[in-house]
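Only one structure is covered here, and it is reproduced in the block below.
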Amino acid sequence: MSSGVLVIVAMYAAFLLVGWAASRKARAGTAADLIVAGRSMPMWVAALTMTATWVDGGYLLGTTEGAYKSSMQLGVQGGLCFGISLIVGGLFFARTMRAHGFTTLIDPLEARFGRRWAAVLFLPALAGELFWSAELLVAIGSTFGVLLGVPLTSAILVSAVVTTAYTVLGGMWSVAYTDIVQLGLVAIGLAAALPFVLAGAGGLGHAWATYVAARPDGAGLVAPMTISPLWDRAGIVGWWDTAAMLVFGGIPWNCYFQRVLSCRTPGDARRQSVLAGVLTIALTAPPLLMGVAAFAYPWPDDLSRRLAATPAEAMPLLLAHAVPPLIGLLGLAAIVGAVTSSFSSSILSAGSMLSWNCLKRLMWPAMTVRHLIAVIRGSILLFGAVAAVLALKVQSVQALWFFTSDLVFVLLFPQILWALYDPRANLVGSIAAFIVSLVVRVGGGEPLLGIPAVFHYPATLPFRTVAAAAGLLLLPAVSRLTTALHPPRLLRNPAAADDERGARSHAEVPA
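Numbering (the numbering used here), first residue to last: 2 to 512.
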């Protein structure tokens, strides 16, 4: 057995140990312990687990890939926009969600629009989490293949089994504390590898000068507003369209709100989200500089051709060829830590929504706590298994994740915004906004999935943002026009409201 495989075995054993130890915090016997850590998570723990969730394998590999193959603007886009998304979410959404005591992202949608329509809105949220989980497994499998020569199937299955196991054990507590360990691996691994990578490229100054000389208009942080040799009008519009999707589409994810709702107070919920946003932006720097170094690195001809064909391998190839073996293993640990932290968060999030909002709230309201806990654990197992199957069997899993992320932005961001902040929002407005936004987005097609375009938008039209804007405008407008037909509902925690109704009905029964 190679030293690299031994390191991975030791890491996974450590993850299981930490997850098991943390699971003791979830033994109070309530579903809240599994889903939202009993609403008692310290602010610093919440901030670190939030950061670890967003700093995933795609974040690291994609940042290096974007800077290497295209521009700094493309490389930095994900980390910068995700960080801004966390800050915006903290300032405008986290406090309100925590103050109402919701359990998942779907709860405020149920409160405003009803259980049945909330079950429909649950579908894009679930699809986004599920395909993200599968995409993460593909990322870890391909990284193992480049650095260790481990077969893709073995890497995916082992990673899925270990991560699902500790998530089932302790739910949010196990995920949070393993996230902290995994985020530490990311920081240590990148910090150890970066000096060697830059030295191999001739030093930071030489690498940067080489990069700027070749791409003078590709060395900024955001896309320019004027046309240049690298940036045509369609490219500029596309960058800003994607940026809007990442910033505002990064908010309506249950894995985000799960950490918000786990905090002790609404103030902690806001502060941890803002802090996580700052940390997420800061952690963009190492993989971004590795992308610059990969561009200036003197690759042998065979590796140069390989990178030209598969630029996503830029970081793994640097770790395999530009650093000492021990440092390369630390870099591998960084990628593994990033992927597993996000995978556990995603399957926990999907399992929580299915068990709480669909099975308990809609189908079996009288479900006991004991049964609910069993259903939550079963749902986590289910989604861990489904994600592994998708990663192994579906060729276009990354394209599916990109597409469902678009749908989360255009369909769910208007819904969660107005559910929280428009007291006149009603079911009819929600349905109208959903349908129009869906038609506008899907009508534009999706080349990665072979979905033909029904509406042939100009190349310079940011149709993702237009689709979301249609929902943002229609939901409050239609709600006001149909108030008499369908009066708006109060924004209340639906579970608490049910408890109050149950208490009143018992009180009205004559002795």
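Just so you know, even glycine gets a beta-carbon here, dropped at the ideal spot from N, CA and C.
Inset, instruction - In the DSSP assignment, find the unbroken alpha helix (DSSP H) run with C82 in it and report its ends. - result: First-last of the alpha helix (DSSP H) with C82: M73 to G90.
Legend entry - Buried/exposed call for P288, threshold 16 Cβ in 10 Å: It counts as buried.
Inset, instruction - Determine the extent of the alpha helix (DSSP H) in which N255 is found, giving its start and end residues. - result: N255 -> alpha helix (DSSP H) spans N255 to S263.
Legend entry - Where M42 falls: helix, strand or coil (DSSP): Three-state result, M42: strand.
Inset, instruction - State the Cα-Cα distance for the pair G329 and V19, rounded to the nearest angstrom. - result: When rounded, the distance between both Cα atoms is 24 Å.
Inset, instruction - Could you check if G451 is buried or exposed, using at least 16 other CB atoms within 10 Å of its CB as the buried criterion? - result: Around the beta carbon of G451, fewer than 16 other beta carbons lie within 10 angstroms, which makes this residue exposed.
Legend entry - N- and C-terminal bounds of the alpha helix (DSSP H) containing S347: If you look at S347, you'll find it in the alpha helix (DSSP H) that goes P326 to M354.
Inset, instruction - Could you check how far apart the C-beta atoms of A392 and G142 are, in whole angstroms? I think they sit under 8 Å. - result: Going by Cβ atoms, the distance from A392 to G142 rounds to 7 Å, so yes, they are a contact pair.
Inset, instruction - Out of P453, L408 and A32, state which residue places its alpha-carbon closest to the alpha-carbon of V437. - result: With distances taken between CA atoms, V437 lies nearest to L408 out of P453, L408 and A32.
Legend entry - Backbone secondary structure at I452 - three-state DSSP: Residue state, collapsed to three classes: strand.
Inset, instruction - Look up E447 in the DSSP assignment and give the residues it is bridged to. - result: DSSP lists I452 as partners of E447.
Legend entry - CA-to-CA distance, L373 to T285, given in whole angstroms: Going by C-alpha positions, T285 is about 39 Å away from L373.
Legend entry - Reduced DSSP secondary structure (H/G/I, E/B, other) of S518: Here the chain comprises residues numbered 2 to 512, so residue 518 is not present and cannot be evaluated.
Inset, instruction - Report yes if the C-beta distance between A426 and P477 is below 8 Å; otherwise report no. - result: Less than 8 Å divides the Cβ of A426 from the Cβ of P477.
Legend entry - DSSP state of T64 mapped onto helix, strand, coil: Note: T64 maps to helix in three-state DSSP.
Legend entry - beta strand (DSSP E) runs wholly inside the region 283 to 311, at least 3 long, in chain order: Qualifying beta strand (DSSP E) stretches: none in this window.
Inset, instruction - Taking 8 Å as the cut-off, decide whether the C-beta atoms of G472 and Y458 are in contact. - result: It is not a contact, given that the beta carbons lie outside the stated cut-off.
Legend entry - Euclidean distance between Cα positions of W21 and Y13: Near 12 Å, if we compare the C-alpha coordinates of Y13 and W21.
Inset, instruction - Could you please give the first and the last residue of the uninterrupted alpha helix (DSSP H) stretch that includes M246? - result: Segment R234 to G250, the alpha helix (DSSP H) holding M246.
Inset, instruction - Return helix, strand or coil for D423, following the three-state DSSP convention. - result: Coil, per DSSP.
Legend entry - CB of A277 within 8 Å of CB of L131, strictly: Taking 8 Å as the Cβ cut-off, A277 and L131 do not qualify as a contacting pair.
Inset, instruction - Please list, in chain order, all residues of the same chain as V163 whose beta carbon is under 8 Å from its beta carbon, the five residues on each side excluded. - result: Y13, F16, L17 and T341.
Inset, instruction - State the Cα-Cα distance for the pair C264 and G171, rounded to the nearest angstrom. - result: Whole-angstrom Cα-Cα distance: 17 Å.
Legend entry - Classification of Y60 by the beta-carbon crowding that lies within 10 angstroms, buried from 16 upward: Counting Cβ neighbours within 10 Å, Y60 comes out buried, since at least 16 surround it.
Inset, instruction - Determine the closest residue to Q399 out of A32, E136 and L122, with distance taken between C-alpha atoms. - result: Among A32, E136 and L122, the Cα nearest to that of Q399 belongs to E136.
Inset, instruction - Within the same chain, show all residues whose beta-carbon is closer than 6 Å to that of W240, passing over the 5 residues directly before and after it, in chain order. - result: These residues qualify, in order along the chain: A224.
Inset, instruction - Below 7 Å CB to CB, which residues in the same chain sit around V198 once its five sequence neighbours on both sides are set aside? - result: Answer for V198: M291, A294, L319, A323 and V324, listed in chain order.
Inset, instruction - Report yes if the CB atom of I181 is closer than 8 Å to the CB atom of T50, and no otherwise. - result: Yes.
Legend entry - I36, buried or exposed, once every other Cβ within 10 Å from all chains shown has been counted against 16: Its Cβ being crowded by 16 or more others within 10 Å, I36 is buried.
Inset, instruction - Give the DSSP-derived three-state secondary structure of Y212 in the structure shown. - result: Helix, per DSSP.
Legend entry - Same chain, Cβ closer than 7 Å to L474, neighbours up to 5 away in sequence not counted: Counting only residues of its own chain and dropping the five nearest sequence neighbours on each side, L474 has no CB closer than 7 Å to any other CB.
Inset, instruction - Determine the burial state of M173: buried for a count of at least 16 other Cβ atoms within 10 Å of its Cβ, exposed for fewer. - result: Buried, since its Cβ has 16 or more Cβ neighbours within 10 Å.
Inset, instruction - Verify whether the separation of the beta carbon atoms of R516 and A112 is less than 8 Å. - result: The structure shown has nothing for residue 516, since the chain only spans 2 to 512.
Inset, instruction - Express the C-alpha separation of A47 and A140 in angstroms, rounding to a whole number. - result: Rounded to the nearest angstrom, the two C-alpha atoms are 25 Å apart.
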